[in-house]
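What follows is a single structure, written as structure tokens, with notes after it.
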Amino acid sequence: MTAPTASAVPTASVPTASDPAALRRPARPAHSVDLDLGGRTALVTGAAGGIGRACALRLAAAGAKVRAVDRDAEGLEALSCHSLDLAGAVEPQVLDLTDLDAAEEAAAGADILVNNAGLQLVKPIEQFPPDVFHTVLTVMLEAPFRLIRGALPHMYAQEWGRIVNVSSVHGLRASAFKSAYVAAKHGLEGLSKTAALEGAPHGVTSVCVNPGYVRTPLVEQQIADQAAAHAVPEDRVLADVLLKDSAIKRLIEPEEVAEAVLYLCSPQASFITGTSLALDGGWTAH
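Per the working numbering, residue 86 is the first one in the sequence shown, and the count goes up by one each step.
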């Protein structure tokens, strides 16, 4: 393909972080990637909202039977109502992932495992409550280990499986005041790579996806809290804090993450394993 001439280069201005248009949701694509997961059973944690909800709906739209796991019964009920016309099915399962034995048991028989559930607290290390640190590590690192442990026997027996761990740019980079979250995500990266090495001879892949800041209730609450604490508008928090290191000056949408997760769960992604897919708008390019 020949390079465009100078006259062919668009002359429209590039939006900046201070431009409100740069922070809006992107236009939805007219068509999504057409991948078929009919006959597959997927388990998605943290499925009642945000990335997990988008992943559950997208996998079900591709034909999978999705076990939607969350402790939020009301959110799971709403998710189930939105999935009625999809090619696959969504089966809500109320579960608190701090019950590690129950988590491992829930993963039995899953062909696809999406470890997504997470929580966040922003505080300096010397003020960080030890019990919250323990809970974050339990939900975001130990529970994924137990879920993988529960899913692998079935995956190994059929010589096919997909493990997608929803990590974060904070699995690749650290930020101040997020000790538990960063520690959990860095640990998840190592767990995912180990699962990839062990699973490869059995047809099982394990990959991390690493979004930047996603438009989820968790992130929107962080924005509101920061705006209130510093008496600045929320768009300033977005531009000057959250999106400071991102080349693309907007939040990523949950549906965009779900499209990447779907592809990694597909037969076409059989050679992608033991790695991390950064969906960070160029943050880690620095």
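Think of the CB as a built atom: it goes at the ideal place given N, C-alpha and C, for glycine as much as any other residue. Computed from a predicted structure; not experimentally measured.
In the DSSP assignment, what residue or residues form a beta bridge with residue 246? As a working mapping, residue 246 is identified with position 161 in the sequence shown. Partner(s): 289.
Looking at C-alpha atoms only, which residue of 307, 246, 130, 141 is the closest neighbour of residue 224? Taking the first residue of the sequence shown as 1, we reach residue 224 at position 139. That would be 130, whose Cα lies nearest to the Cα of residue 224.
Bridge partner(s) assigned by DSSP for residue 127: If you number the sequence shown from 1, residue 127 lands on position 42. Looking at the DSSP assignment, residue 127 forms a beta bridge with 151, 197.
If you scan the segment 324 to 350 from start to end, which runs of the alpha helix (DSSP H) of 4 or more residues do you find wholly inside it? 339 to 349
Roughly how many angstroms separate the alpha carbons of residue 197 and residue 125, rounded to a whole number? Translated into positions along the sequence shown, residue 197 becomes position 112. Translated into positions along the sequence shown, residue 125 becomes position 40. Going from the Cα of residue 197 to the Cα of residue 125 covers about 7 angstroms.
Taking the straight line between their C-alpha atoms, what separation do you get for residue 186 and residue 277? Mapped onto the sequence shown, residue 186 falls at position 101. Mapped onto the sequence shown, residue 277 falls at position 192. Counting only the Cα atoms, residue 277 lies some 20 angstroms from residue 186.
Cβ-based burial, residue 302 [other Cβ within 10 Å; buried from 16]: To locate residue 302, count along the sequence shown from 1; it is residue 217. With fewer than 16 other Cβ atoms within 10 Å, it is exposed.
Please report how far the alpha carbon of residue 136 lies from the alpha carbon of residue 211, in whole angstroms. Stepping through the sequence shown from its first residue, residue 136 is reached at position 51. Stepping through the sequence shown from its first residue, residue 211 is reached at position 126. If I take the Cα positions, the gap works out to 31 angstroms.
For residue 361, count the other beta carbons within 10 Å of its own beta carbon; 16 or more makes it buried, fewer makes it exposed. Which is it? Here residue 361 refers to the residue found at position 276 when the sequence shown is read from its first residue. The residue is buried, with at least 16 neighbouring Cβ atoms inside 10 Å.
Given residue 119 as reference, the closest of 239, 353, 243 once Cα atoms are compared: Reading the sequence shown from its first residue, position 34 is the one you call residue 119. Closest option to residue 119, Cα to Cα, is 353.
Where the alpha helix (DSSP H) containing residue 215 begins and where it ends: Position 130 of the sequence shown, counting from 1, holds the residue named residue 215. Counting along the chain, the alpha helix (DSSP H) containing residue 215 begins and ends at 215 to 222.
Are three or more beta carbon pairs between the segment 165 to 180 and the segment 222 to 238 nearer than 8 angstroms? no
Give the DSSP-derived three-state secondary structure of residue 322 in the structure shown. Within the sequence shown, residue 322 is the residue found at index 237, counting from 1. Residue state, collapsed to three classes: helix.
Can you tell me whether DSSP reads residue 296 as helix, strand or coil? The sequence position of residue 296 within the sequence shown is 211, counting from 1. Strand, per DSSP.
Chain-order list of residues whose beta-carbon lies under 7 angstroms from that of residue 153 (same chain, five-residue window excluded): In the sequence shown, residue 153 corresponds to position 68, counting from 1. Contacts found: 129, 132, 141, 161, 164, 175, 176, 177, 178.
Can you tell me which of 138, 172, 305 puts its alpha carbon nearest to the alpha carbon of residue 146? Numbered from 1 along the sequence shown, position 61 holds the residue referred to as residue 146. Here the closest residue by C-alpha is 172.
Quick one: using the 10 Å Cβ neighbour count with 16 as the cut-off for buried, is residue 317 buried or exposed? Locating residue 317 in the sequence shown gives position 232, counting from the first residue. Classification of residue 317: exposed, given that the 10 Å Cβ count is below 16.
Chain-order list of residues whose beta-carbon lies under 7 angstroms from that of residue 280 (same chain, five-residue window excluded): Taking the sequence shown and counting its residues from 1, the one referred to as residue 280 is at position 195. The answer, listed in chain order, is 233, 248, 291.
Can you say whether residue 328 is buried or exposed, counting buried as having 16 or more other CB atoms within 10 angstroms of its CB? Taking the sequence shown and counting its residues from 1, the one referred to as residue 328 is at position 243. So residue 328 counts as buried.
Beta-carbon proximity list for residue 252, same chain, < 8 angstroms, skipping 5 on both sides: Taking the first residue of the sequence shown as 1, we reach residue 252 at position 167. Taken in chain order, the residues that qualify are 270, 273, 274, 277, 293, 294, 295, 361.
Determine which residues share a DSSP beta bridge with residue 364 and list them. Numbered from its first residue, the sequence shown carries residue 364 at position 279. Beta-bridge pairing links residue 364 to 296.
Reduced DSSP category for residue 175 - H, G, I as helix; E, B as strand; rest coil: Along the sequence shown, read from residue 1 onward, the residue named residue 175 stands at position 90. Three-state DSSP puts residue 175 in a strand.
Is it the case that the CB of residue 263 approaches a heavy atom of the ligand ATP more closely than 8 angstroms? In the structure shown, the ligand ATP is absent, as is every other ligand, since no ligand is present at all.
What does the alpha-carbon distance come out to for the pair residue 209 and residue 261? By 1-based counting over the sequence shown, the position of residue 209 is 124. By 1-based counting over the sequence shown, the position of residue 261 is 176. Cα to Cα, the separation comes out at about 7 angstroms.
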